[in-house]
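> Please see the structure below; I have some questions.
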Amino acid sequence: MKCATVSVIGRPSVGKSTLINTICEMKVSITAPTPQTTRNAIRGIYTDQRGQLIFTDTPGYHLSDKTINKRMQDITISALSDSDIILYIIDATRALKEEEEAISSILSKVKVPIVSLLNKSDVLTDDQKKDAKFFLEQNVKSAEVLECSGLNDEGVDEVLIALFKLAKEGELLYSENAYTDQPLEFRISEIIREKTINLLTDELPHVIYVEVADIEYNEEEQSVWVRAFIITERDGQKGIIVGKGGENIKRIRKEAFKEIKKIFPGSTLQLDLRVKAQAKWRNNQIVLDKIFRTL
Ligand SMILES: Nc1nc2c(ncn2[C@@H]2O[C@H](COP(=O)(O)OP(=O)(O)OP(=O)(O)O)[C@@H](O)[C@H]2O)c(=O)[nH]1
Ligand SMILES: [Mg+2]
């Protein structure tokens, strides 16, 4: 049996979380068209007859001095230090600039093998592929360079073959049915955040976090009651999330309900969702400690 931990790194929106979900055949990590969706190191576990790959999804590496971005950069860097293999994902539909150089400079210091991956092959032109491969040749010591579409599940088997080839012999670290190790509260808060940010555009996804205040499980009645807050930075933003006549919050609730229900098959679910504002939470160390506590 082979077993390896694989850190997945790349700029925001290159498709890291989408690929991990495709590999694990499960929504392990939330996704959105807006950048900086993933905020924590999130594990997705894949097991087959070859062994086990434990992926760590990381926040997209974004150059910025803001407190919250610094925290996210730290999470990404520390994920690299305890992995056996690095899967470096590039979205070559966008120009490869400073951020890509910053990542490749970080990667030049790591000792473990790197698999470089051009993602979004479904929309890549030949020129874009050529430019990305040239960039990689010049800047990254890759064990392999591959192409795939995480969204369409094309070329993903080849990625697994490459990773298993680099993995060492070892016992499985998780049971063969496991696909993640995230605490329940965190999974629920992420589902709600995903449904919220997918309804919003511009800066709003960045000013939101979700707090699950209570989960009450009644075994006798087979019922679950969840109370959660969607938290923005300013009062004015609350109205956008609630929407005209509560239109948006109703949609968020409906979509989140469907997905949270899957976590509790056979139980009735009550989801109490509220919106509140908390000024400047992105600079508040106590809030950040809560959001970024180690999973
Ligand atoms: N065309 C195409 N789009 C993709 C592919 N993979 C992901 N996307 C899209 O790219 C966007 C970002 O995907 P995510 O998986 O959230 O990206 P990420 O790298 O995890 O982003 P952060 O968490 O913000 O760092 C979404 O709109 C995805 O649907 C792909 O293979 N092809
Ligand atoms: Mg992500």
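Here the sequence shown is numbered in the UniProt record's numbering, starting from 1 and rising by one per residue. In this text, a Cβ means the ideal position worked out from N, Cα and C, and glycines have one as well. Every value quoted in this text rests on a predicted model; they were computed, and no experiment measured them.
#1: Verify the contact flag: Pro-205, CB atom, against every heavy atom of ligand 1, threshold strictly below 6 Å.
#2: Taking 8 Å as the cut-off, does the stretch 130 to 140 touch the stretch 92 to 99 (at least 3 CB pairs, one atom from each stretch)?
#3: Lys-16: beta carbon under 6 Å from a heavy atom of ligand 4?
#4: Going by DSSP, what residue range makes up the alpha helix (DSSP H) through Gln-285?
#5: Let me know if Thr-125 comes out buried or exposed under the rule of 16 or more other beta-carbons within 10 Å of its beta-carbon.
#6: At which residues does the beta strand (DSSP E) containing Gln-270 begin and terminate?
#7: Please look up how many angstroms separate the CB atoms of Ile-103 and Arg-11, rounded, as I've assumed it's under 8 Å.
#8: Could you round the C-beta distance between Val-224 and Phe-186 to whole angstroms and report it? I think they count as a contact, below 8 Å.
#9: Using a 10 Å radius around the Cβ and a threshold of 16 neighbouring Cβ atoms, would you call Leu-87 buried or exposed?
#10: Count the other CB atoms, across all protein chains shown, that sit within 10 Å of the CB of Met-1; report buried if there are 16 or more and exposed otherwise.
#11: Got a sec, what are the start and stop residues for the beta strand (DSSP E) Cys-24 sits in?
#12: Candidates Tyr-209, Lys-262, Ile-215: which alpha carbon is nearest Asn-284's?
#13: Considering only residues of the UniProt domain "KH type-2" (200 to 279), which uninterrupted beta strand (DSSP E) runs meet the minimum length of 3 residues and lie entirely inside it, listed in chain order?
#14: Please confirm whether Gln-237 has its beta-carbon closer than 7 Å to some beta-carbon of chain D.
#15: By Cβ distance below 8 Å, which residues in the same chain neighbour Gln-270 in space, the five residues on each side in sequence not counted?
#16: Alpha carbon to alpha carbon, what distance is there between Arg-50 and Ile-286?
#17: Is it the case that the Cβ atoms of Ser-105 and Thr-5 are separated by a distance below 7 Å?
#18: Suppose you measure from the CA of Leu-118 to the CA of Ser-17; what does that come to, to the nearest Å?
#19: Say the cut is 6 Å; is the CB of Thr-125 nearer than that to a heavy atom of ligand 2?
#20: Run through DSSP, which three-state label would Glu-176 get?
#21: Quick check on Arg-11: does DSSP put it in helix, strand or coil?
#22: Let me know the secondary structure DSSP gives Glu-144 once reduced to three states.
#23: Output the boundary residues of the alpha helix (DSSP H) element that contains Asp-157.
#24: In this structure, does DSSP put Glu-171 in helix, strand or coil?
#25: Kindly indicate which three-state DSSP category Lys-2 falls into: helix, strand or coil?
#26: Check this for me: beta carbons of Leu-273 and Arg-253, under 7 Å apart or not?
#27: Please list, in chain order, all residues of the same chain as Lys-27 whose beta carbon is under 6 Å from its beta carbon, the five residues on each side excluded.
#28: In angstroms, rounded to a whole number, what distance separates the CA positions of Lys-195 and Ser-189?
#29: Can you tell which of Ile-192, Leu-288, Glu-147 has its C-alpha closest to the C-alpha of Phe-229?
#30: Spatial neighbours of Gln-278 within its chain, please: CB distance less than 8 Å, with the 5 preceding and 5 following residues excluded, ordered by chain position.
#31: Ignore the nearest five residues each way along the sequence and tell me which others in Glu-176's own chain have a CB closer than 8 Å to its CB.
#32: Hey, quick one: how far does the alpha helix (DSSP H) through Asp-57 stretch, first residue to last?
The structure says:
#1: no
#2: yes
#3: This structure does not include ligand 4; its bound ligands are ligand 1 and ligand 2.
#4: 285 to 291
#5: exposed
#6: 268 to 277
#7: 7 Å
#8: The pair is not a contact, with the Cβ atoms about 16 Å apart (cut-off 8 Å).
#9: buried
#10: exposed
#11: Premise fails: Cys-24 lies in the alpha helix (DSSP H), 16 to 24, not in any beta strand (DSSP E).
#12: Tyr-209
#13: 209 to 218, 223 to 232, 268 to 277
#14: Considering every chain present, this structure includes no chain D. It has just one protein chain.
#15: Ser-223, Val-224, Trp-225, Val-226
#16: 43 Å
#17: no
#18: 14 Å
#19: no
#20: coil
#21: coil
#22: strand
#23: 156 to 166
#24: coil
#25: strand
#26: yes
#27: Asn-21
#28: 10 Å
#29: Ile-192
#30: Ile-231, Thr-232, Glu-233, Asn-284, Val-287
#31: Thr-47, Gln-52
#32: That residue, Asp-57, is in no alpha helix (DSSP H); its beta strand (DSSP E) goes 51 to 57.
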